[in-house]
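K.L.:
In our numbering, the protein residues as written are 4 to 186. For glycine and all other residues, C-beta sits at the position ideal for the given N, C-alpha and C. Just so you know, these numbers come straight off a predicted model, no measurement behind them. One structure, as structure tokens, below. Some questions next.
Here it is as structure tokens:
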């Protein structure tokens, strides 16, 4: 039964968007090309299922609410990305940006960030009819822990790439031999 439940949640989770920094749209699109978003989402649902130790009855009610919550967050992030995209276009076209435009963009993004916090709070506090206090606290801390772990993994991967590049001689000056004395 648990295997069936995990399989179901993994299939459902593939369509859910992973949260990301709203101003970094180009990087997000590159990551999406490699399917990282889907893998991360699958991993998140798997971890949530495991961490919360959901019973099948709880899971049937939890994941539809979770999907709706993720959709709400995704809509807010989409608005933030649009604001950032407009600013980047103006900067890229070397258009003069007025102080009022910048102030307006900052205020809109701030309002959207506050809205994100409110949506998170309502979601977590709205789970009191479904989750016990321990599960609610785990859910509340889950996002921060997951992001911290992913950040550590990304840093580790970045360091591994730097080491690999250094071993391959990626840091040599142009025209210099492997050890620097053959030329």
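Taking the beta carbon of residue 94 as the centre, do at least 16 other beta carbons fall within 10 Å, making it buried, or is it exposed?
P.N.:
When all chains shown are included, residue 94 counts as exposed.
K.L.:
How would you call residue 79, buried or exposed, if buried means at least 16 neighbouring beta carbons within 10 angstroms?
P.N.:
With 16 or more other Cβ atoms within 10 Å, it is buried.
K.L.:
Assuming residue 85 is part of the alpha helix (DSSP H), what are its boundary residues?
P.N.:
Here the alpha helix (DSSP H) through residue 85 covers 59 to 95.
K.L.:
Would you tell me roughly how many angstroms separate the C-alpha atoms of residue 69 and residue 135, rounded to the nearest one?
P.N.:
If you take the alpha carbons of residue 69 and residue 135, they lie about 16 Å apart.
K.L.:
Return yes when the Cβ of residue 122 is within less than 8 Å of the Cβ of residue 72, no when it is not.
P.N.:
Yes; because the gap between Cβ atoms is below 8 Å, this pair is in contact.
K.L.:
With DSSP run on the structure shown, which of helix, strand or coil describes residue 148?
P.N.:
If DSSP states are grouped into helix, strand and coil, residue 148 belongs with the helices.
K.L.:
What are the boundary residues of the alpha helix (DSSP H) that residue 121 is part of?
P.N.:
Its alpha helix (DSSP H) spans residues 102 to 128.
K.L.:
For the alpha helix (DSSP H) holding residue 53, just list the boundary residues, first then last.
P.N.:
That run of the alpha helix (DSSP H) goes 39 to 55.
K.L.:
What's the C-alpha gap between residue 92 and residue 142?
P.N.:
One C-alpha to the other measures close to 38 Å.
K.L.:
Since residue 65 and residue 57 should fall inside the 8 Å C-beta cutoff, what is the C-beta to C-beta distance between them, to a whole number of angstroms?
P.N.:
Contact holds; Cβ gap of about 6 Å.
K.L.:
Counting C-beta neighbours from all protein chains within 10 Å, is the total for residue 124 16 or more, i.e. buried, or is it exposed?
P.N.:
Residue 124 should be labelled exposed.
K.L.:
Can you name, in chain order, every residue of its own chain whose Cβ lies under 8 Å from the Cβ of residue 169, other than the five neighbours on each side?
P.N.:
So no residue of the chain qualifies.
K.L.:
Thinking C-alpha only, which one of 159, 133, 154 is nearest residue 63?
P.N.:
The option with the nearest alpha carbon to residue 63 is 133.
K.L.:
CA-CA distance, residue 89 and residue 104?
P.N.:
Those two C-alpha atoms are separated by around 11 Å.
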